[in-house]
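Student:
Residue numbers (the numbering used here), protein chains in the order written: chain A, 1 to 288; chain B, 1 to 350.
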């Protein structure tokens, strides 16, 4: 019984983790058809921002929930203005340029922080289920991911900002005729996506140590979650995060975490083959 | 694509011969270890240049076949000893894997971005798996996979049929150079053949080729397998150069580097990516000697600048510049001629 509770909690945590690290990429890909291969490095920078702020005595919750998103959002804004805005509509070129950016950021962070692991202790103590020791901080991650998904859905579905954003993605000319500048909307969307990546990095920082190259571990998982999710930002991300999270954890419990990850990647290959338009291209067509 | 990118190009035999002679006498002037490595990277770049530049298939996981070639050779040579069969297997296994993955993607009509993701994921699976194969449980025949530490000390290439005579040093340099030049000629031959011309047609307009009755997925799968075999050859030669294979041959870094070589050198040329591999490879080796500036910083900056400023890469852009310069010369000459005629007319009617 205790064991079942733990498996369920771990699956929930994995789903939350995938949803959290994919949210920023999902916004940028789902709405703008831009694949940001520097996404993992945005997450990594969010982590470094939190750790640097916490080391300077700033409250860690303030650091991860406010400072990280703001810092990475500003970086995203700069990147959009300097690089990405010239490449809209050229999917492969965007991927290549952001891959270059990812290498550049890894190099820069190595230069600044050095190639050594840094970490910060989790601010919530563990708790006991039967004989098992569980990380209390995992519950916080689950809560943040759930709140984030709800907030994204509400904003996209029910606010003026969300309406304009969705409208720009469907028909930039129409939105322009109605008095909004599509270029500004793209810029803000990319900034918000980057800020969400920073948030994910900040929230995950206490759980995973940080290295300049840690982004590679995030980008692959976020990538398959978003791409197999398809065009619908929230429904897609949630459905594939649930699927991959469950498969990963069940296989991990049955064998080793490495096999769990491999099973997740293999499942992504199969899904891409069967549904080249993503899960939401097949099901939940009219969702957000 | 303009007219210059459309053609398959001819081999300029005089240049080819000059290059071959230069490479042949190089060992007289320098040590051969670094040139061997650069030639191997050049071959790796060539394999992607053929597939991406001419068939328009982008792979974000080309390192998978490089790594498979390296691992296949190492595992097979432990088990077989004599190196001829392992060498051939190092071409066959990546080709077969590429054919399977290619067939899965191309018959499934997976396009562009999804192709990138699929190839990337395959590389990641191999990388994660090989990293986790530490311990005695993971062995194939006599070869222990060794996890993160890789497979060291396998028998290197020997003279075919004579396992006691190893090939190393300058001799190995010549083996690599001959492989590279032969691969280049094979690529040229493929591009000049009906098969190659069909591939270029598919790159230009896939739907039209399909309606003309060509079996597009079969062609794409075939070139994917050929490029896989060539990358496998590069991987096998790399394994013999390094005398150890580690999971980093499947790494994101390896994949990123070969992409950068090809795009910097220029899509739709073969010599451009090969040269870019040599130049950027030398740069990487030079940067490896100091610690202030990270190699990935420089590579990343180069990639961003090339995508933004020279999206066609150096070789095609330099051809375009030369042409534009020639045209401006012609215009200037015409303008000068016109001015002279006008002056002559003015002088003629006082």
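Note that beta-carbon positions come from the ideal geometry of N, C-alpha and C, so glycine has one too.
DSSP three-state call for residue 3 of chain B: helix, strand or coil?
Tutor: Working through the second chain from its first residue, we reach residue 3 of chain B at position 3. No answer about residue 3 of chain B holds up, because its pLDDT of 37 lies below 50 and its placement is not dependable.
Student: Taking Cβ positions only, does residue 104 of chain B come closer than 7 Å to chain A?
Tutor: Start at 1 with the first residue of the second chain, and residue 104 of chain B comes out as number 104. At least one chain A Cβ lies under 7 Å of residue 104 of chain B.
Student: In whole angstroms, what separates the C-alpha of residue 75 of chain B from that of residue 143 of chain B?
Tutor: By one-based count along the second chain, residue 75 of chain B stands at place 75. By one-based count along the second chain, residue 143 of chain B stands at place 143. If I take the Cα positions, the gap works out to 5 Å.
Student: With distances taken between CB atoms, is the gap from residue 351 of chain B to residue 229 of chain B smaller than 7 Å?
Tutor: Since the first residue of chain B shown is 1 and the last is 350, residue 351 of chain B is not available in this structure.
Student: Counting only runs of 4+ residues fully inside the stretch 124–207 of chain A, write out the alpha helix (DSSP H) ranges in chain order.
Tutor: 136–158, 160–170, 172–177, 182–204
Student: Is the Cβ of residue 97 of chain B closer than 7 Å to any Cβ of chain A?
Tutor: Here residue 97 of chain B corresponds to residue number 97 of the second chain, with the count starting at 1. Closer than 7 Å: no.
Student: If distances are taken between C-alpha atoms only, which option among B:157, B:315, B:305, B:209 comes closest to residue 98 of chain A?
Tutor: Reading the first chain from its first residue, position 98 is the one you call residue 98 of chain A. The shortest C-alpha separation from residue 98 of chain A is found at B:305.
Student: Thinking C-beta only, is residue 279 of chain A closer than 7 Å to residue 264 of chain A?
Tutor: Within the first chain, residue 264 of chain A is the residue found at index 264, counting from 1. Within the first chain, residue 279 of chain A is the residue found at index 279, counting from 1. Not closer than 7 Å, so no.
Student: Note down the Cα distance separating residue 30 of chain B from residue 211 of chain A, rounded to an integer number of angstroms.
Tutor: Your numbering for residue 30 of chain B matches position 30 in the second chain. Your numbering for residue 211 of chain A matches position 211 in the first chain. Going from the Cα of residue 30 of chain B to the Cα of residue 211 of chain A covers about 39 Å.
Student: How far does the beta strand (DSSP E) with residue 165 of chain B in it extend, from its first residue to its last?
Tutor: Walking along the second chain from the start, residue 165 of chain B turns up at place 165. Run containing residue 165 of chain B: 162–166, per the beta strand (DSSP E) assignment.
Student: Could you tell me the distance, in whole angstroms, from the CA atom of residue 323 of chain B to the CA atom of residue 331 of chain B?
Tutor: Translated into positions along the second chain, residue 323 of chain B becomes position 323. Translated into positions along the second chain, residue 331 of chain B becomes position 331. Going by the C-alpha atoms only, they are around 12 Å apart.
Student: If you measure from the beta carbon of residue 300 of chain B to each beta carbon in chain A, is any gap under 7 Å?
Tutor: In the second chain, residue 300 of chain B corresponds to position 300, counting from 1. Interface residue, yes.
Student: Name the one or two DSSP bridge partners that residue 210 of chain A has.
Tutor: Within the first chain, the letter at position 210 stands for residue 210 of chain A. According to DSSP, residue pairing for residue 210 of chain A in a beta bridge involves A:118.
Student: List the residues of chain A whose Cβ lies closer than 7 Å to the Cβ of residue 311 of chain B, in chain order.
Tutor: Mapped onto the second chain, residue 311 of chain B falls at position 311. Those are 93, listed as they occur along chain A.
Student: Under a three-way DSSP split, which group does residue 355 of chain B fall into?
Tutor: A question about residue 355 of chain B goes unanswered here, because the residues of chain B that appear run from 1 up to 350.
Student: Does any residue of chain A bring its CB to less than 7 Å from the CB of residue 80 of chain B?
Tutor: Stepping through the second chain from its first residue, residue 80 of chain B is reached at position 80. Chain A contact via Cβ: absent.
Student: With a CB to CB cut of under 7 Å and the five nearest residues on each side skipped, what residues in its chain are close to residue 182 of chain A?
Tutor: In the first chain, counting from the first residue as 1, residue 182 of chain A sits at position 182. These residues qualify, in order along the chain: 168, 172, 175, 176.
Student: Could one say the Cβ of residue 10 of chain A lies closer than 7 Å to chain B's Cβ atoms, at least one of them?
Tutor: Counted from its first residue, the first chain places residue 10 of chain A at position 10. It does not; no Cβ of chain B falls within 7 Å.
Student: Check for me: the alpha helix (DSSP H) holding residue 253 of chain A runs from which residue to which?
Tutor: Counting from 1 along the first chain, the entry for residue 253 of chain A is found at position 253. From DSSP, the alpha helix (DSSP H) with residue 253 of chain A extends over 233–254.
Student: Could you spell out where the alpha helix (DSSP H) holding residue 10 of chain A opens and where it closes?
Tutor: In the first chain, residue 10 of chain A corresponds to position 10, counting from 1. Unbroken alpha helix (DSSP H) run through residue 10 of chain A: 2–32.
Student: Out of curiosity, what's the CA-to-CA distance linking residue 7 of chain A and residue 203 of chain A?
Tutor: In the first chain, residue 7 of chain A corresponds to position 7, counting from 1. In the first chain, residue 203 of chain A corresponds to position 203, counting from 1. Rounded to the nearest angstrom, the two C-alpha atoms are 22 Å apart.
Student: Using the Cα positions of residue 130 of chain B and residue 148 of chain B, report the straight-line distance between them to the nearest angstrom.
Tutor: As a first step, residue 130 of chain B is located in the second chain; it is residue number 130 there, counting from the start. As a first step, residue 148 of chain B is located in the second chain; it is residue number 148 there, counting from the start. One C-alpha to the other measures close to 7 Å.
Student: Span of the alpha helix (DSSP H) holding residue 275 of chain B?
Tutor: Numbered from its first residue, the second chain carries residue 275 of chain B at position 275. Its alpha helix (DSSP H) spans residues 271–288.
Student: Using a Cβ-Cβ cut-off of 7 Å, state whether residue 254 of chain A counts as contacting chain B.
Tutor: Sequence index remark: in the first chain, residue 254 of chain A carries index 254 (1-based). Residue 254 of chain A does not count as touching chain B.
Student: Just the chain B side, please: which residues come within less than 8 Å of residue 258 of chain A by C-beta, in chain order?
Tutor: Here residue 258 of chain A is taken as the residue at index 258 of the first chain, counted from 1. Within chain B, the residues near residue 258 of chain A are 128, 129, 131, 132.
Student: Let me confirm a value: residue 133 of chain A is counted as buried when at least 16 other C-beta atoms fall within 10 Å, else exposed. Which label applies?
Tutor: Here residue 133 of chain A refers to the residue found at position 133 when the first chain is read from its first residue. By the neighbour-count rule (16 or more Cβ atoms within 10 Å), residue 133 of chain A is not buried but exposed.
Student: Is any beta-carbon of chain A found at less than 7 Å from that of residue 335 of chain B?
Tutor: On the second chain, position 335 is the one that residue 335 of chain B refers to. So, not an interface residue.
Student: Could you tell me the boundaries of the alpha helix (DSSP H) in which residue 198 of chain B lies?
Tutor: Locating residue 198 of chain B in the second chain gives position 198, where the first residue counts as 1. That run of the alpha helix (DSSP H) goes 194–204.
Student: Check the Cβ of residue 197 of chain A against every Cβ in chain B and list those closer than 9 Å, keeping chain order.
Tutor: Position 197 of the first chain holds residue 197 of chain A. Correct list: empty, because the minimum Cβ distance to chain B is about 18 Å.
Student: Along the chain, where does the alpha helix (DSSP H) containing residue 85 of chain A start, and where does it finish?
Tutor: Stepping through the first chain from its first residue, residue 85 of chain A is reached at position 85. Segment: none, residue 85 of chain A is in no alpha helix (DSSP H) and carries neither H nor E.
Student: Taking a cut of 7 Å between CB atoms, which residues from the stretch 258–274 of chain A lie near chain B?
Tutor: 258, 261, 262, 265, 266, 268, 269, 272, 273
Student: Give the secondary structure of residue 152 of chain B by DSSP, where H, G and I count as helix, E and B as strand, and everything else as coil.
Tutor: Position 152 of the second chain, counted from the start, is the residue given in the question as residue 152 of chain B. The answer is strand: DSSP assigns residue 152 of chain B an E or B state.
Student: For the stretch 200–229 of chain A, which residues have a CB atom closer than 7 Å to at least one CB atom of chain B, in sequence order?
Tutor: 216, 220, 223, 224, 227
Student: Can you pull the chain A residues whose beta carbon is under 8 Å from the beta carbon of residue 50 of chain B, in chain order?
Tutor: On the second chain, position 50 is the one that residue 50 of chain B refers to. None at all; the shortest Cβ gap to chain A is about 18 Å.
Student: What is the residue span of the alpha helix (DSSP H) that residue 323 of chain B lies within?
Tutor: As a first step, residue 323 of chain B must be located in the second chain, where it is residue number 323. Here the alpha helix (DSSP H) through residue 323 of chain B covers 314–348.
Student: Using the C-alpha atoms, what's the distance from residue 278 of chain B back to residue 268 of chain B?
Tutor: In the second chain, counting from the first residue as 1, residue 268 of chain B sits at position 268. In the second chain, counting from the first residue as 1, residue 278 of chain B sits at position 278. Their backbone Cα atoms lie some 18 Å apart in a straight line.
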